[in-house]
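Numbering (our numbering), first residue to last: 82 to 456.
Glycine is no exception: its CB is placed at the ideal position from the N, C-alpha and C atoms.
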Ligand SMILES: [Fe+2]
Ligand SMILES: [Fe+2]
């Protein structure tokens, strides 16, 4: 049940598989992350896919009355399904069947028995390939910002895993693209372009980077400060890259240990950012203090109002707004006006109300067309 004012944002994934047990297992695995339509035979599947075109189709080895490979061939004859990513699930990894599936138009294959996490990362990667291809249609400055930050985010994930020091220069360079998109007014295309991407932390971080840069630009801060704000936004949750996907995206209530794991992203992120000797203090403040609250109820330091500077307060405002309006895969998001209402209602004692009012004015003034769609 979706609460009023919230918008569901899950990608639609379709399953065509004659094996009812596997079809149901798959469906329950995927339902936390995606909307799922299931089909047990080829005729119903082709009809259903035509009516509700999915972001991706999973095809089993048998789709009655014929094979999964033949079903993929039939799918590729349908104009609107010609480019839809298809993941073929093979029962036993027969190389001839796998080759036939790829020739018929499968974009990736998985062999039983498979790990749930492996399937989820294949689905995610396929959805992202499609989303990233769609960026070609965007204005060039918005496309550069999306591509530059995505490449940087991927490299950060790698160096985070391997404990190498991060290079601030590379971050600032990719965030200059975000600032260029903000100052030329094409930034709504960044928010639109990243909206359907399936990397939750990247989506949130790039949205925060764009909105922090917009905040800085609109209140007249110099370009160097806008870049610092964008870098802070892009890196503020970098510690989340160390948290397991299953905890980060858990739909049920978190245990106390899992809540602590999530809170630890702040300390982990700051330690990682300190590996760059030239990391600006402002970026460390944003990463370290975006969960602090004026009434002392935040974490990790429970700072109170007079211990939080302007940057700390701005990052809290933008982080809260971004998190509430993010197109998360596992829960509905809030419309912009609904988020602002909560920020100046229930959260009034926690975040700076003067900054909330200024940010609200900037957001609604600069993005009417995005706001109308609830972003
Ligand atoms: Fe955070
Ligand atoms: Fe955040």
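Check: residue i C-beta below 7 Å from any heavy atom of ligand 1
i: residue 407; result: no
i: residue 345; result: no
i: residue 280; result: no
i: residue 326; result: no
i: residue 103; result: no
i: residue 92; result: no
Residue closest to residue i, alpha-carbon to alpha-carbon, out of the options
i: residue 407; options: 135, 291, 174, 260; result: 291
i: residue 236; options: 181, 262, 322, 296; result: 322
i: residue 344; options: 357, 371, 170; result: 371
i: residue 41; options: 318, 317, 316, 293; result: The chain is shown only over 82 to 456; residue 41 falls outside these bounds and no answer can be derived.
i: residue 118; options: 100, 137, 102; result: 137
i: residue 153; options: 169, 240, 91; result: 169
i: residue 320; options: 202, 271, 353, 288; result: 353
i: residue 188; options: 165, 374, 176; result: 165
i: residue 167; options: 374, 184, 221, 198; result: 184
i: residue 220; options: 267, 257, 367, 253; result: 267
i: residue 296; options: 314, 279, 282, 281; result: 314
i: residue 175; options: 162, 190, 163, 161; result: 190
i: residue 161; options: 384, 123, 133, 147; result: 133
Same chain, Cβ closer than 8 Å to residue i, neighbours up to 5 away in sequence not counted
i: residue 438; result: 425
i: residue 432; result: 374, 375, 394, 397, 398, 401, 424
i: residue 143; result: 98, 99, 100, 149
i: residue 334; result: none
i: residue 105; result: 119
Per DSSP, the bridge partner or partners of residue i
i: residue 137; result: 94
i: residue 119; result: 96
i: residue 169; result: 140, 190
i: residue 147; result: 144
beta-carbon residue i near ligand 2 non-hydrogen atom, thresh 7 Å
i: residue 289; result: yes
i: residue 404; result: yes
i: residue 118; result: no
i: residue 433; result: no
Own chain, CB closer than 7 Å to residue i, minus 5 neighbours either side, in chain order
i: residue 304; result: 260
i: residue 275; result: 227, 284, 287, 288
i: residue 264; result: 298
i: residue 403; result: 285, 288, 289, 292
i: residue 318; result: 282, 285, 286, 346, 350
i: residue 358; result: none
i: residue 443; result: 295, 296, 299
i: residue 251; result: 233
Residues near residue i in its chain [Cβ-Cβ closer than 6 Å; skip 5 each side]
i: residue 361; result: 309
i: residue 234; result: 283
i: residue 24; result: Since the displayed the chain opens at 82 and closes at 456, residue 24 lies outside it and no answer follows.
Note to self: Give me the pocket residues for ligand 2, defined as CB within less than 5 Å of any heavy atom, sorted by chain position.
What the structure shows: The set of residues with any CB-heavy atom separation to ligand 2 below 5 Å comprises, in chain order, 318, 400.
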